[in-house]
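The opening residue of the sequence shown carries number 227 in my numbering; numbering runs sequentially from there.
C-beta atoms are modelled at their ideal positions from N, C-alpha and C, and glycine is treated no differently.
Note that this is a predicted model, so its numbers are computed, not measured.
Below is one structure, written out as structure tokens; comments come after it.
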Amino acid sequence: MPEHSSVHFYLNWAKERIDEMDAILASLEAKASHVHSDSKAKADQFLADLKKRRDEFEAAAKAQTEAGEAAWQRTKAQLESQWNVFETQVKAYFDTVGKQIEQQQATFRDVAAAQIKAWHEAADKLHDSAVKMAAAKRAELDAAVKQMKTQASEAETRLQKLKQARDESWSALSAALADSRKAFDRANQASYDAFKRAASLNL
Numbered sequence: 227m228p229e230h231s232s233v234h235f236y237l238n239w240a241k242e243r244i245d246e247m248d249a250i251l252a253s254l255e256a257k258a259s260h261v262h263s264d265s266k267a268k269a270d271q272f273l274a275d276l277k278k279r280r281d282e283f284e285a286a287a288k289a290q291t292e293a294g295e296a297a298w299q300r301t302k303a304q305l306e307s308q309w310n311v312f313e314t315q316v317k318a319y320f321d322t323v324g325k326q327i328e329q330q331q332a333t334f335r336d337v338a339a340a341q342i343k344a345w346h347e348a349a350d351k352l353h354d355s356a357v358k359m360a361a362a363k364r365a366e367l368d369a370a371v372k373q374m375k376t377q378a379s380e381a382e383t384r385l386q387k388l389k390q391a392r393d394e395s396w397s398a399l400s401a402a403l404a405d406s407r408k409a410f411d412r413a414n415q416a417s418y419d420a421f422k423r424a425a426s427l428n429l
């Protein structure tokens, strides 16, 4: 399997997280003026810390752009740890200065939109890569593309339903986003595995 193709899984994974981080930051910044004045300094510090963590995550991911699969496997654990810290800080933000349900729901809607966009972009990239494969190998790849698009639609439906909810806590909304993220990772991994099997037919 060409090394470039094998790295798509990791690039999709990292891009999805960066897009979520950007959506969270944009949403929190848009609502920063609504934070009570006594919490403003704390909110500003949270935002500065979140931006720093997002930038560190992106820098670590970008450093791997040209790396091979083995380097990505090593780096992915570090990036997952950074992602978990970012998520923990977002939860702390909502627990301390962003307790308004409207703000939590607005952030959820923005992150859900980022996830849905990531699903569709990954499916489109997978489709483009599948088109480049020899016809004999296409059946499994086409099935992987179809499966990813189906799962993207299912995730979008679930997230759209939650977007309509008016009284869900950040914990519940965050759990839904985590479930969707895990489904994305599984679909992304399945497409990677399909490419790997297709490439092995050439050997």
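Exercise. Ignore the nearest five residues each way along the sequence and tell me which others in E246's own chain have a CB closer than 6 Å to its CB.
Key: V337 and A340
Quiz item: Whose C-alpha, out of A286, I250, K375 and Q331, is nearest the C-alpha of N414?
Solution: K375
Quiz item: Should N310 be listed as close to the ligand PLP, given that the test is whether its C-beta is under 8 Å from any heavy atom?
Solution: Because no ligand of any kind appears in the structure shown, any question about the ligand PLP cannot be addressed here.
Self-check item: Where G324 falls, given that 16 or more other Cβ within 10 Å makes a residue buried
Solution: buried
Quiz prompt | Three-state secondary structure (DSSP) of E394 | solution = coil
Quiz item: Among the residues of its own chain, which have a CB less than 7 Å from the CB of S265, if the five just before and after it don't count?
Solution: V323
Quiz item: In this structure, does DSSP put K325 in helix, strand or coil?
Solution: coil
Quiz item: Taking V261 as the reference, which of E366, Q329, A424 and Q373 has the closest Cα?
Solution: Q329
Exercise. Could you check the C-alpha separation between G294 and T314 for me, to the nearest Å?
Key: 30 Å
Quiz item: Applying the criterion that 16 or more other CB atoms from any shown protein chain within 10 Å of the CB defines a buried residue, is E380 buried or exposed?
Solution: exposed
Quiz item: Residues in its own chain within less than 7 Å of L352 by CB, not counting five upstream and five downstream?
Solution: A370, V371, M374 and S417
Exercise. Measure the Cβ-Cβ separation of S402 and R384 and say whether it is below 9 Å.
Key: The residue you asked about is not Ser; residue 402 is Ala in the sequence shown. Contact: yes.
Quiz item: So the alpha helix (DSSP H) E284 belongs to, where does it begin and stop?
Solution: K266 to A289
Quiz item: Roughly how far, in whole angstroms, is the beta-carbon of A420 from the beta-carbon of L367, given that I think they are within contact range, below 8 Å?
Solution: 6 Å
Quiz item: Given a threshold of 16 other Cβ atoms within 10 Å of its Cβ, counted over all protein chains shown, does E292 qualify as buried or as exposed?
Solution: exposed
Practice problem: Determine the burial state of A349: buried for a count of at least 16 other Cβ atoms within 10 Å of its Cβ, exposed for fewer. | Solution: buried
Quiz prompt | Counted within 10 angstroms of its Cβ, other Cβ atoms place R300 as buried (16 or more) or exposed | solution = exposed
Quiz item: Is it right to say A318 is buried, meaning 16 or more other beta carbons lie within 10 angstroms of its own, or is it exposed?
Solution: exposed
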